[in-house]
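Engineer: Numbering (the working numbering), first residue to last: 432 to 769.
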Amino acid sequence: GQVFLRQVRLTVVPGEYELQIAMPLSDQDPVKASRDVIIPDYSQQESCALSDITLASRISPSEDREDPFFKNRLHIRPNASQLYGEGAANLFYYAEAYNTACAASGTGEYNMLIYVSKGGKPMPIKGLEKRSKRAVRPTDVLVGRFDLSALASGIYSLRMEILDKTNESKVEQTRKFRVFNPAADSARPQPAIFYMNVDQVEQESIGIRHAEDITAYKSHTLIHRSDQSIRIRHAEDIAVFVFIRERPELIGSRRRLLREVKYPESARNAGIEGQVVVQFTVDEEGNARNAVILEGLGGGCDEEAIRVITEHARFKPGISGEIAVPVTMSMPIICKPR
Numbered sequence: 432g433q434v435f436l437r438q439v440r441l442t443v444v445p446g447e448y449e450l451q452i453a454m455p456l457s458d459q460d461p462v463k464a465s466r467d468v469i470i471p472d473y474s475q476q477e478s479c480a481l482s483d484i485t486l487a488s489r490i491s492p493s494e495d496r497e498d499p500f501f502k503n504r505l506h507i508r509p510n511a512s513q514l515y516g517e518g519a520a521n522l523f524y525y526a527e528a529y530n531t532a533c534a535a536s537g538t539g540e541y542n543m544l545i546y547v548s549k550g551g552k553p554m555p556i557k558g559l560e561k562r563s564k565r566a567v568r569p570t571d572v573l574v575g576r577f578d579l580s581a582l583a584s585g586i587y588s589l590r591m592e593i594l595d596k597t598n599e600s601k602v603e604q605t606r607k608f609r610v611f612n613p614a615a616d617s618a619r620p621q622p623a624i625f626y627m628n629v630d631q632v633e634q635e636s637i638g639i640r641h642a643e644d645i646t647a648y649k650s651h652t653l654i655h656r657s658d659q660s661i662r663i664r665h666a667e668d669i670a671v672f673v674f675i676r677e678r679p680e681l682i683g684s685r686r687r688l689l690r691e692v693k694y695p696e697s698a699r700n701a702g703i704e705g706q707v708v709v710q711f712t713v714d715e716e717g718n719a720r721n722a723v724i725l726e727g728l729g730g731g732c733d734e735e736a737i738r739v740i741t742e743h744a745r746f747k748p749g750i751s752g753e754i755a756v757p758v759t760m761s762m763p764i765i766c767k768p769r
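The following block contains the structure:
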């Protein structure tokens with residue numbers, strides 16, 4: 432799950448900075464993270480500008496200035512994982528537009544386009560697009576929500592564009608996010624399977640002249656030609672290999688995971704300690720399933736290693752194409768007294 436540590440607000444002059452964060456841990460090296468940050472000088476800009484987009488799991492009105500999530504009279508709960516879908520279908524967003532007069536029409540308004548697109552394509556998904564006329568002001572707060580319950584699992588982008596009076600984009604900002612939605616996935620029609628054997632086939636013998644003459648239908652079997660006969664092979668006989676673009680990534684440090692290991696008393700009595708290698712499958716939700724021991728120690732260490740992996744390890748799921756897929760991997764777990 433997510434644990435909110437702390438939020439700090441700093442006033443700095445425009446420029447380039449590196450933001451460094453360190454979380455000290457007892458008897459362990461601190462967990463560190465860093466990010467390059469550019470603070471523009473909006474007061475000197477004549478052109479339009481958009482801030483970074485904040486993706487949130489909830490935005491609501493608020494007057495609590497002591498709330499760490501308070502901004503512009505709003506409570507903004509950021510979605511650090513940027514994962515939406517099952518159980519979290521509503522994508523909330525927050526951004527700020529600056530110097531919008533550069534896109535003003537004769538009525539003192541400017542056009543704002545906000546939409547969800549598939550992957551990196553700048554093309555709105557039907558029903559997930561908002562186009563509005565807004566009053567020109569030095570700083571304009573952009574807040575809204577999209578219902579993603581109908582989207583299939585995959586990688587998407589939230590895009591914002593300031594448009595001029597001719598509907599040309601003056602400036603835009605993009606933020607990627609992921610959707611995991613098994614209900615929408617199961618409702619999608621399955622693609623047809625069209626299998627072609629590498630053997631050369633006389634086109635005239637089967638009446639095919641052009642590729643456009645072929646219509647593929649969904650089938651539970653695959654057909655290929657061997658010599659002069661046609662043989663049916665069932666789909667389950669075909670091994671499918673999936674290219675993994677992003678391998679699963681452990682959420683949190685491995686050092687933190689190892690802190691969950693409880694050294695078994697039976698291993699202590701037998702003087703057993705060392706490394707257990709566990710193989711498991713990371714499913715589409717990032718959970719470890721079907722754990723087995725590749726290299727064991729005995730003395731209860733094997734069972735403890737499986738418990739730690741299945742109960743405490745959470746992962747960012749593996750990605751093939753643009754969807755989450757199950758991936759088999761292995762991990763060593765140290766079993767020894769502290």
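Note that the Cβ used here is the ideal one computed from N, Cα and C, for glycine as well. This one's a predicted model, so the numbers in the text were calculated from it and none came from an experiment.
Which whole-angstrom value is the C-beta distance of Ala528 and Cys479, which I expect to be below 8 Å?
Structural biologist: Here the question's residue 528 lines up with position 97 in the sequence shown. Here the question's residue 479 lines up with position 48 in the sequence shown. Their Cβ separation, rounded to whole angstroms, is 7 Å, which keeps Ala528 and Cys479 in contact under 8 Å.
Engineer: Classify Ser548 as helix, strand or coil using the three-state DSSP reduction.
Structural biologist: Residue mapping note: residue 548 aligns to position 117 of the sequence shown, counting from 1. Three-state result, Ser548: strand.
Engineer: Compare the Cα-Cα distances from Leu589 to each of Asp595, Asp578, Pro499, Ile765 and report the closest residue.
Structural biologist: On the sequence shown, position 158 is the one that residue 589 refers to. Answer by Cα proximity: Asp578.
Engineer: May I have a chain-ordered list of the beta strand (DSSP E) segments no shorter than 3 residues that lie completely inside the region 566-615?
Structural biologist: The region 566-615 contains these whole beta strand (DSSP E) runs: 570-578, 585-594, 600-611.
Engineer: What do you reckon, are the CB atoms on Gly730 and Ile765 nearer than 7 Å?
Structural biologist: As a position in the sequence shown, residue 730 is number 299, starting the count at 1. As a position in the sequence shown, residue 765 is number 334, starting the count at 1. In this structure, Ile765 does not lie closer than 7 Å to Gly730 by Cβ.
Engineer: How far does the alpha helix (DSSP H) with Glu742 in it extend, from its first residue to its last?
Structural biologist: What you label residue 742 is simply residue 311 of the sequence shown in a count that begins at 1. Looking at the DSSP string, the run of the alpha helix (DSSP H) that includes Glu742 is 732-743.
Engineer: So, Glu715 versus Asn612, is the Cβ gap smaller than 7 Å?
Structural biologist: The sequence position of residue 715 within the sequence shown is 284, counting from 1. The sequence position of residue 612 within the sequence shown is 181, counting from 1. No, they are not a contact pair.
Engineer: For the region 546-566 against the region 489-507, do three or more pairs of beta-carbon atoms, one drawn from each stretch, fall closer than 8 Å, so that the two count as touching?
Structural biologist: Result no; under three Cβ-Cβ pairs closer than 8 Å.
Engineer: Per DSSP, which residues does Ile675 bridge with? Please list them.
Structural biologist: Here residue 675 refers to the residue found at position 244 when the sequence shown is read from its first residue. According to DSSP, which records beta bridges pairwise, Ile675 is partnered with nothing at all.
Engineer: Between Asp571, Thr442, Ser512, Val439, which lies nearest to Thr531 when the distance is taken from Cα to Cα?
Structural biologist: Taking the first residue of the sequence shown as 1, we reach residue 531 at position 100. Checked all of Asp571, Thr442, Ser512, Val439; the closest Cα to Thr531 is Asp571.
Engineer: From the DSSP output, in three-state form, read off Glu715 for me.
Structural biologist: As a working note, residue 715 is residue 284 in the sequence shown. Three-state result, Glu715: coil.
Engineer: Using 8 Å for Cβ pairs, my map puts Ser584 next to Ala755. What's the rounded Cβ distance?
Structural biologist: Translated into the one-based positions of the sequence shown, residue 584 becomes position 153. Translated into the one-based positions of the sequence shown, residue 755 becomes position 324. About 6 Å; that satisfies the 8 Å criterion.
Engineer: Apart from the five residues just before and just after His506, which ones in its own chain have a Cβ nearer than 8 Å to its Cβ?
Structural biologist: Sequence index remark: in the sequence shown, residue 506 carries index 75 (1-based). Excluding sequence neighbours, His506 sits near Arg489, Ile490, Ser491, Pro492, Ser493, Asp495, Asp498, Phe500.
Engineer: Look at the alpha carbon of Pro461 and the alpha carbon of Ser697, and state the distance between them as a whole number of angstroms.
Structural biologist: In the sequence shown, the residue the question calls residue 461 occupies position 30. In the sequence shown, the residue the question calls residue 697 occupies position 266. If you take the alpha carbons of Pro461 and Ser697, they lie about 32 Å apart.
Engineer: Who pairs with Asn542 in a beta bridge, going by DSSP?
Structural biologist: The residue you call residue 542 lines up with position 111 of the sequence shown. Looking at the DSSP assignment, Asn542 forms a beta bridge with Lys564, Leu594.
Engineer: What three-state label does DSSP hand Ser617 in the structure shown?
Structural biologist: Taking the sequence shown and counting its residues from 1, the one referred to as residue 617 is at position 186. Note: Ser617 maps to helix in three-state DSSP.
Engineer: From Ala666 to Ala719, what does the alpha carbon distance come to, in whole angstroms?
Structural biologist: Here residue 666 is taken as the residue at index 235 of the sequence shown, counted from 1. Here residue 719 is taken as the residue at index 288 of the sequence shown, counted from 1. Because Ala666 sits at a pLDDT of 41, beneath the cut-off of 50, its placement in the model cannot be relied upon, and the following sentence gives the value as read from the coordinates. Their backbone Cα atoms lie some 28 Å apart in a straight line.
Engineer: For Gln459, I'd like the list of residues in its chain whose CB is within less than 7 Å of its CB, leaving aside the five on either flank, ordered along the chain.
Structural biologist: Taking the sequence shown and counting its residues from 1, the one referred to as residue 459 is at position 28. Closer than 7 Å at the Cβ level, and outside the excluded window around Gln459, lie Arg686.
Engineer: With DSSP as the reference, please indicate the residues paired to Ser482 in a beta bridge.
Structural biologist: Stepping through the sequence shown from its first residue, residue 482 is reached at position 51. Paired residue(s): none; Ser482 is not in a bridge.
Engineer: Can you give me the start and stop residues for the beta strand (DSSP E) that Glu449 sits inside?
Structural biologist: To locate residue 449, count along the sequence shown from 1; it is residue 18. Segment 446-456, the beta strand (DSSP E) holding Glu449.
Engineer: Taking Thr605 as the reference, give the member of Tyr546, Ala581, Ala534 with the closest Cα.
Structural biologist: The sequence position of residue 605 within the sequence shown is 174, counting from 1. Comparing Cα positions, the closest option is Tyr546.
Engineer: Measure the C-alpha to C-alpha separation of Leu563 and Pro757 and round it to an integer number of angstroms.
Structural biologist: Working through the sequence shown from its first residue, we reach residue 563 at position 132. Working through the sequence shown from its first residue, we reach residue 757 at position 326. Reading off the sequence shown, one finds Ser at residue 563, where the question assumed Leu. Spanning the two alpha carbons is a distance of roughly 41 Å.
Engineer: I need the straight-line Cα distance from Ile593 to Lys601, nearest angstrom please.
Structural biologist: As a working note, residue 593 is residue 162 in the sequence shown. As a working note, residue 601 is residue 170 in the sequence shown. If I take the Cα positions, the gap works out to 6 Å.
Engineer: Comparing C-alpha positions only, which one of Val692, Ile586, Gly575, Lys767 sits nearest to Ala701?
Structural biologist: Counting from 1 along the sequence shown, the entry for residue 701 is found at position 270. The candidate whose alpha carbon is nearest that of Ala701 is Lys767.
Engineer: Could you please give the first and the last residue of the uninterrupted alpha helix (DSSP H) stretch that includes Leu522?
Structural biologist: Reading the sequence shown from its first residue, position 91 is the one you call residue 522. Taken as a continuous stretch (DSSP letters only), Leu522 belongs to no alpha helix (DSSP H), being part of the beta strand (DSSP E) at 521-529.
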